[in-house]
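Enquirer: This structure is in structure tokens; I'll ask about it shortly.
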Amino acid sequence: MAPRRAYDASGRRAAAERRRAHVVATASRLFPEHGWTGTTIAGVAREAGVSPEYVSKTFGAKQALLMLAMRSASFAGTASLSESFAALRLAEEPDPSVRLDRFVEFVCASVVPMAPFVPAMVQGASEDLGMRTLLQGARRGHVDVVTEVVPLLATGPVHPDAIDEIVVLTRSETYLVLSGELGWSVERYAAWLRRRIARAVDLTG
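Numbering (the working numbering), first residue to last: 114 to 318.
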């Protein structure tokens, strides 16, 4: 009698992951298009071709799906803001100007894809306590990153307002105004951001 083959579940797992990724990609399209109120679990399920029960069981509440959809568009799809910032290893770079270049690239790589989700996040925070808590946490994390980066960019004492100024410069809302209302390109935003941050930390170059 021939030995029984071991069951290989890799194909099933791959199919499940593809379905999960398809739902996230669908949510990533719908939230920027329709906002918090206009995007529902049932609507995401319908567009993705799955059941609402699958979406709820797999992702939980709508706010969790929104945050996952937003993260999938930035931070390499998986890492958090703090993890992505830590991966820059800025403290190991001896040249402050290079550190600034890397930080500006990091900001653009995160803010630009994340910005379309901000209106849905803000609207959701005004209507849903869970979304409000997530948004507040995200904003605290942003301040923490800026607080950590300022000493790495500065070559000497900086103005007490430097951290607050750079928080505002690197907010997604700021990018939305410049790109959406004033028509700035990403390249123009990046060049402006570098000049303003350099000024804020008294770094020339």
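Glycine included, each C-beta is placed from N, C-alpha and C at the ideal position.
1. Here's the rule: buried if 16 or more other CB atoms are within 10 angstroms of the residue's CB, otherwise exposed. What is Q176?
2. Would P270 be called buried (16 or more neighbouring beta carbons within 10 Å of its own) or exposed?
3. Which of the three DSSP states is assigned to A205 in this structure?
4. Report all residues from its chain with a CB closer than 7 angstroms to the CB of G162; omit the five preceding and five following residues, and keep chain order.
5. Let me know the secondary structure DSSP gives R142 once reduced to three states.
6. According to the Cβ coordinates, are L266 and V314 closer than 9 angstroms?
7. Which residue marks the beginning of the alpha helix (DSSP H) containing H255, and which one marks its end?
8. Hey, quick one: how far does the alpha helix (DSSP H) through W305 stretch, first residue to last?
9. What distance in whole Å lies between the Cβ atoms of L306 and V217, which are believed to be in contact at a cut-off of 8 angstroms?
10. Using alpha carbons as the reference points, say which of A140, K170 and P145 lies closest to G156.
11. Alpha carbon to alpha carbon, how far is D208 from R252? Give it in angstroms, no decimals.
12. Starting from the C-beta of V299, find all residues in its chain whose C-beta is less than 8 angstroms away, skip the five residues before and the five after it, and write them out in chain order.
13. Using three-state DSSP, classify G318 as helix, strand or coil.
14. Can you have a look at V259 and say buried or exposed, based on whether 16 or more other CB atoms are within 10 angstroms of its CB?
15. If I measure Cβ to Cβ from T283 and keep anything under 6 angstroms in the same chain, skipping five residues before and after, which residues do I get?
16. How many angstroms separate the CA atom of E294 from the CA atom of R184?
17. Work out the CA separation of T171 and R131 for me, nearest whole Å.
18. Can you find at least 3 beta carbon pairs, one from the region 231-244 and one from the region 138-152, that sit closer than 8 angstroms?
19. Please list, in chain order, all residues of the same chain as M227 whose beta carbon is under 7 angstroms from its beta carbon, the five residues on each side excluded.
Expert: In this structure, then:
1. As a working mapping, residue 176 is identified with position 63 in the sequence shown. Q176 should be labelled buried.
2. Taking the sequence shown and counting its residues from 1, one reaches residue 270 at position 157. With fewer than 16 other Cβ atoms within 10 Å, it is exposed.
3. Position 92 of the sequence shown holds residue 205. Per the sequence shown, residue 205 should be read as Glu rather than Ala. The answer is helix: DSSP assigns E205 an H, G or I state.
4. As a working note, residue 162 is residue 49 in the sequence shown. Within the same chain, no residue comes within 7 angstroms of G162 by CB-CB distance, once the 5 residues on both sides are set aside.
5. The sequence position of residue 142 within the sequence shown is 29, counting from 1. R142 falls in the helix class under three-state DSSP.
6. As a position in the sequence shown, residue 266 is number 153, starting the count at 1. As a position in the sequence shown, residue 314 is number 201, starting the count at 1. Against a cut-off of 9 angstroms, the Cβ pair of V314 and L266 comes out as a contact.
7. Position 142 of the sequence shown, counting from 1, holds the residue named residue 255. Element bounds for H255: L242 to L266.
8. To locate residue 305, count along the sequence shown from 1; it is residue 192. Here the alpha helix (DSSP H) through W305 covers V299 to A313.
9. As a working mapping, residue 217 is identified with position 104 in the sequence shown. As a working mapping, residue 306 is identified with position 193 in the sequence shown. Contact holds; Cβ gap of about 5 angstroms.
10. The residue given as residue 156 occupies position 43 in the sequence shown. Nearest option by C-alpha distance: A140.
11. Against the sequence shown, residue 252 aligns to sequence position 139. Against the sequence shown, residue 208 aligns to sequence position 95. Cα-Cα distance, rounded: 29 angstroms.
12. For the purposes of this step, residue 299 is identified with residue 186 of the sequence shown, where counting begins at 1. Here the set comprises C221, V225 and S292.
13. Counting from one through the sequence shown, the residue named residue 318 turns up at place 205. With a pLDDT of 39 at G318, under the threshold of 50, the modelled position of this residue cannot be trusted; read the value that follows with caution. Note: G318 maps to coil in three-state DSSP.
14. Translated into the one-based positions of the sequence shown, residue 259 becomes position 146. It is buried - the Cβ of V259 has at least 16 other Cβ atoms within 10 Å.
15. For the purposes of this step, residue 283 is identified with residue 170 of the sequence shown, where counting begins at 1. Closer than 6 angstroms at Cβ, skipping near neighbours: V220.
16. The count along the sequence shown starts at 1 and reaches residue 294 at position 181. The count along the sequence shown starts at 1 and reaches residue 184 at position 71. For E294 and R184, the distance between alpha carbons rounds to 24 angstroms.
17. Position 18 of the sequence shown holds residue 131. Position 58 of the sequence shown holds residue 171. Rounded to the nearest angstrom, the two C-alpha atoms are 13 angstroms apart.
18. yes
19. Looking up residue 227 in the sequence shown gives position 114. The residues are M183, A186, S187 and S285.
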